[in-house]
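Quick notes on the structure that follows.
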Amino acid sequence: MTVFLPGFDDGVPAAFGEMVLAAGGDSGAVSFPKAGMAGDNGRVTPFSSPSSPEPGSVSEQAAGPELRASLPENASSSEPPSSKAVFAQTTASYVMPLAVFFVAVMMISTLTGTKGVQLGPLNTDGAFYLFPLAYVLGDVMSEVYGFRTMRRVVWVGFSALILMSLCMWITIELPAASFYTHQDAFVAVAGVVPQILGASLAGYLVGEILNSWVLVKIKECTGEKSLWARLLGSTMVGELADTLIFCTIAAPAIGIASGADFFNYVVVGYLWKTCAEIVVMPLTYLVVKWIKRREPSYQAALEGVPS
Numbered sequence: 001m002t003v004f005l006p007g008f009d010d011g012v013p014a015a016f017g018e019m020v021l022a023a024g025g026d027s028g029a030v031s032f033p034k035a036g037m038a039g040d041n042g043r044v045t046p047f048s049s050p051s052s053p054e055p056g057s058v059s060e061q062a063a064g065p066e067l068r069a070s071l072p073e074n075a076s077s078s079e080p081p082s083s084k085a086v087f088a089q090t091t092a093s094y095v096m097p098l099a100v101f102f103v104a105v106m107m108i109s110t111l112t113g114t115k116g117v118q119l120g121p122l123n124t125d126g127a128f129y130l131f132p133l134a135y136v137l138g139d140v141m142s143e144v145y146g147f148r149t150m151r152r153v154v155w156v157g158f159s160a161l162i163l164m165s166l167c168m169w170i171t172i173e174l175p176a177a178s179f180y181t182h183q184d185a186f187v188a189v190a191g192v193v194p195q196i197l198g199a200s201l202a203g204y205l206v207g208e209i210l211n212s213w214v215l216v217k218i219k220e221c222t223g224e225k226s227l228w229a230r231l232l233g234s235t236m237v238g239e240l241a242d243t244l245i246f247c248t249i250a251a252p253a254i255g256i257a258s259g260a261d262f263f264n265y266v267v268v269g270y271l272w273k274t275c276a277e278i279v280v281m282p283l284t285y286l287v288v289k290w291i292k293r294r295e296p297s298y299q300a301a302l303e304g305v306p307s
């Protein structure tokens, strides 16, 4: 037997018809709303009436309790449940934006550091005003999320800098278009980047890991107290290693040749970065406390530590 329902041109298999008949009760009859429906040789066709049921639907009066129970709650929806967007819940963690900002600062510093800058008697590079921010961000992440998290961020930044250097090298080696007249200028600026990058990578890797390690070690001794000692002590150690390594490798790339200029470059760079950390320490305090109060995982860990 074939049962014809609205919306099916060729009918419905007999097995489905038997199921519908069984669901209709003991009489075996399937009833449809009379308004807007007409029967012709066993075929059920809809009229264009506002009261007509949707094509392919079975009215609740015709369906037995077993059939109604088997239908999902959203069976009348035009979209299946799998078509809806579903997203996993996340915690209110701030490590991702901090890490992205940290890596961005490192990459921008690598580019701006290719220019030598002279401020009166002081020799420095174009990243002198930006690079201390990387240590502030490193201190915040080390203080709140620990050494392991900061070490991962350092390696992510390391990989990003390598990728940037590789892209710069490929771009330089690509043949210049006939209408492009700045190839020499581009090579003069971007061509220095690999050497500056090597200096940044070596100094950044050693300096940031030392900075994070010293801060965490001091925190293990002081707990939540003496944040100023952690920030200052870790910066003095990390910046010293970073400045010595970076200046030694980068000095020839930015035109520093004499010993006096190199000494000036190292001392000024180290004192500037350390003083900058001290100047912005109140801001670092505020950022650290703000994140600690809003980071659920930190508050949970803090509640489990005896005072």
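Residue 1 is where the sequence shown starts when you use UniProt numbering, and the numbers rise one by one after that. All C-beta atoms, glycine included, are put in the ideal place defined by N, C-alpha and C.
Between the options, which lies nearest to residue i when the distance is taken from Cα to Cα?
i      : options                        : result
Gly116 : Ala250, Ile170, Val105         : Ala250
Ser165 : Ile209, Val140, Ala257, Ala199 : Ala199
Lys217 : Ala185, Ala202, Ser142         : Ser142
Phe262 : Gly157, Pro121, Gly238         : Pro121
Leu302 : Tyr135, Ala127, Thr110, Tyr145 : Tyr145
Ile209 : Val287, Glu239, Leu227, Ser109 : Glu239
Arg148 : Phe186, Val95, Ile254          : Val95
Met236 : Pro252, Gly207, Phe102, Tyr285 : Gly207
On the three-state DSSP scale, how would you describe residue i?
i      : result
Gly116 : strand
Leu130 : coil
Leu122 : strand
Ala29  : Low confidence applies to Ala29: its pLDDT is 49, below 50, so where it sits in the model is not reliable, and the reading given next is rough at best. Three-state result, Ala29: coil.
Ala199 : helix
Pro194 : helix
Leu98  : helix
Pro282 : helix
Leu210 : helix
Ser142 : helix
Phe179 : coil
Ser93  : coil
Glu224 : coil
Leu174 : coil
Ile218 : helix
Gly157 : helix
Ile291 : helix
Ser52  : For Ser52, the predicted structure reports a pLDDT of 49, less than 50, and the residue's modelled location is therefore unreliable. The matter cannot be settled from this model.
The alpha helix (DSSP H) spanning residue i covers which residue range?
i      : result
Ala188 : 183-190
Pro296 : 296-303
Leu271 : 259-279
Phe246 : 227-250
Would you check if the distance between the CB atom of residue i and the CB atom of residue j is smaller than 8 Å?
i           : j      : result
Leu232      : Ile291 : no
Ile256      : Asn123 : yes
Met107      : Ala190 : no
residue 331 : Trp169 : The requested residue 331 does not occur in the structure, where the chain is confined to residues 1 to 307.
Val280      : Val140 : no
Tyr204      : Thr243 : no
residue 324 : Thr110 : Any answer about residue 324 is impossible in this case: the structure gives the chain only from 1 up to 307.
Tyr129      : Asn211 : no
Phe131      : Lys273 : yes
Leu163      : Leu137 : no
Below 8 Å on the Cβ atoms is my contact criterion, and I expect residue i with residue j to pass it. Report the Cβ-Cβ distance as a whole number of Å.
i      : j      : result
Ile172 : Val153 : With 8 Å as the limit, Ile172 and Val153 do not qualify as a contact, their Cβ atoms being about 29 Å apart.
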